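Residue numbers (this note's numbering), protein chains in the order written: chain P, 1 to 111; chain S, 1001 to 1113.
We treat Cβ as the ideally placed atom computed from N, Cα and C, and that holds for glycine.
Just so you know, these numbers come straight off a predicted model, no measurement behind them.
The structure appears right after this line, and notes come after that.
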Amino acid sequence: GQQLNQSPQSMFIQEGEDVSMNCTSSSIFNTWLWYKQDPGEGPVLLIALYKAGELTSNGRLTAQFGITRKDSFLNISASIPSDVGIYFCAGRQGGSEKLVFGKGTKLTVNP
Amino acid sequence: DGGITQSPKYLFRKEGQNVTLSCEQNLNHDAMYWYRQDPGQGLRLIYYSQIVNDFQKGDIAEGYSVSREKKESFPLTVTSAQKNPTAFYLCASSRWTGRNEQYFGPGTRLTVT
C-alpha cells in the first residue's frame, strides 16, 4: 500500500528549541492528520487539516496543509520534555475511506 | 467517559493457536479499523468496517479475520495462518460522514512464540 514520506526520521533537540517536521506525497490528499504516539500506547490525534493552505494551531503545535495538497508540516514551539514521542502524519485521498500513514518522526528532547 | 478500549494490553500465545483481540467503542462511531504496527514502521491497515455486518480487507488481511455483529465491537482474530503475528495491534474508530478523523485505542501487544 501507499505510504507517505515523513522526515526527518528522528530528531534530538534541547528543551526550549522549536521543531519542524514534514510529510510529502506524490499524490494529492484531501485531509491531513497529525498524531503523537507515546511508547506502548495508541496514537493521539493532535491536529486535523481539511483545506489547502489551512494553518491550524493546538497550543504550541501548528500544522499546515500544503498549497499543492501533496504535503503537510508540523511545528512545535518551545519544546518541553513531555513532547518526546513519535509523531505520525496521515492523509486521506478523495473518494477513499482509508488513511495512509507516514513512518513517523521520533522526537527526543534533552532537558 | 467516551473512548475506545482494547483488551488485553499484553497477550502471549504459542505458535499454531488462534487468538482474538477485543476492541470496543462507546463513541457511537459507525466505522472501525484494525491496524498492525511493527518497530520503525507506520501503521498498516488489516481490516475495516463501515457498518454492522459488513467489513473490507485492508492492505495486509491475510491470516486475519474479523466480525462486526454490534456497532460497538470489532474483534480481530489472528489465525495460525498469519506467518509473523508478533506485533502491536491498534484499533480505531471514526464517524463515516463528514470530517471522519480516526481515534485510536491503547493497543494490544501480541507475542507469539
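Proximal chain P residues relative to S:Pro1075, where beta-carbon distance stays under 9 Å: Locating residue 1075 of chain S in the second sequence gives position 75, counting from the first residue. Per Cβ cutoff of 9 Å: no residues; S:Pro1075 is ~17 Å from chain P at best.
Any chain S beta carbon closer than 8 Å to P:Phe29: Here residue 29 of chain P is taken as the residue at index 29 of the first sequence, counted from 1. With 8 Å as the cut-off, P:Phe29 does not count as an interface residue toward chain S.
Local Cβ density within 10 Å of P:Gln37, reported as buried at 16 or more and exposed below that: For the purposes of this step, residue 37 of chain P is taken as residue 37 along the first sequence, with counting starting at 1. Answer is buried; the Cβ neighbour count reaches 16.
Cβ neighbour criterion (16 or more within 10 Å) applied to P:Leu55: Along the first sequence, one-based indexing puts residue 55 of chain P at 55. Label assigned to P:Leu55: exposed.
Short CB-CB distance (under 8 Å) between P:Tyr87 and chain S: Taking the first sequence and counting its residues from 1, the one referred to as residue 87 of chain P is at position 87. Not closer than 8 Å to any Cβ of chain S, the Cβ of P:Tyr87 fails to qualify, so no.
Cβ-Cβ distance between S:Asp1030 and S:Arg1095 below 8 Å: Indexing the second sequence from 1 puts residue 1030 of chain S at position 30. Indexing the second sequence from 1 puts residue 1095 of chain S at position 95. Yes. Within cutoff.
P:Ser7 (DSSP reduced to helix, strand or coil): Sequence index remark: in the first sequence, residue 7 of chain P carries index 7 (1-based). P:Ser7: strand per DSSP, three-state reduction.
Pairwise C-alpha distance: P:Gln64 and S:Gln1041: Position 41 of the second sequence, counted from the start, is the residue given in the question as residue 1041 of chain S. Position 64 of the first sequence, counted from the start, is the residue given in the question as residue 64 of chain P. Cα to Cα, the separation comes out at about 24 Å.
Boundaries of the beta strand (DSSP E) in which S:Ala1092 is found, first to last residue: The count along the second sequence starts at 1 and reaches residue 1092 of chain S at position 92. Here the beta strand (DSSP E) through S:Ala1092 covers 1087-1094.
Beta carbon of S:Gln1006 nearer than 8 Å to that of S:Thr1108: Taking the first residue of the second sequence as 1, we reach residue 1006 of chain S at position 6. Taking the first residue of the second sequence as 1, we reach residue 1108 of chain S at position 108. In this structure, S:Thr1108 lies closer than 8 Å to S:Gln1006 by Cβ.
Interface flag, P:Leu128 vs chain S, CB-CB below 8 Å: Nothing about residue 128 of chain P can be read from this structure; chain P reaches only from 1 to 111.
S:Val1078, enclosing beta strand (DSSP E) - first and last residue: As a first step, residue 1078 of chain S is located in the second sequence; it is residue number 78 there, counting from the start. 1076-1078 is the span of the beta strand (DSSP E), which, as asked, contains S:Val1078.
Distance between P:Asn110 and P:Phe73 (C-alpha atoms, nearest Å): Reading the first sequence from its first residue, position 73 is the one you call residue 73 of chain P. Reading the first sequence from its first residue, position 110 is the one you call residue 110 of chain P. Taking the straight line joining both Cα atoms gives about 23 Å.
P:Ala48 burial status per 10 Å Cβ neighbour count (16 or more: buried): Numbered from its first residue, the first sequence carries residue 48 of chain P at position 48. Buried, because 16 or more other Cβ atoms sit within 10 Å of the Cβ of P:Ala48.
Cross-chain neighbours of S:Arg1095 in chain P, by beta carbon under 7 Å: Position 95 of the second sequence holds residue 1095 of chain S. Result: empty, since nearest Cβ-Cβ is about 11 Å, beyond 7 Å.
Under 9 Å (Cβ pairs) to chain S, residues found in the segment 38-56 of chain P: Gly40, Glu41, Gly42, Pro43, Val44, Leu45, Ala48, Tyr50
DSSP three-state assignment for P:Asp83, whether helix, strand or coil: Here residue 83 of chain P corresponds to residue number 83 of the first sequence, with the count starting at 1. In the structure shown, P:Asp83 sits in a helix (DSSP, three-state: H, G or I).
Beta-carbon spacing of P:Ile80, P:Glu15 below 8 Å: To locate residue 80 of chain P, count along the first sequence from 1; it is residue 80. To locate residue 15 of chain P, count along the first sequence from 1; it is residue 15. A contact, by the Cβ cut-off of 8 Å.
6 Å Cβ shell around S:Phe1104 - same chain, five flanking residues per side excluded: As a position in the second sequence, residue 1104 of chain S is number 104, starting the count at 1. Around S:Phe1104: Leu1090, Ala1092.
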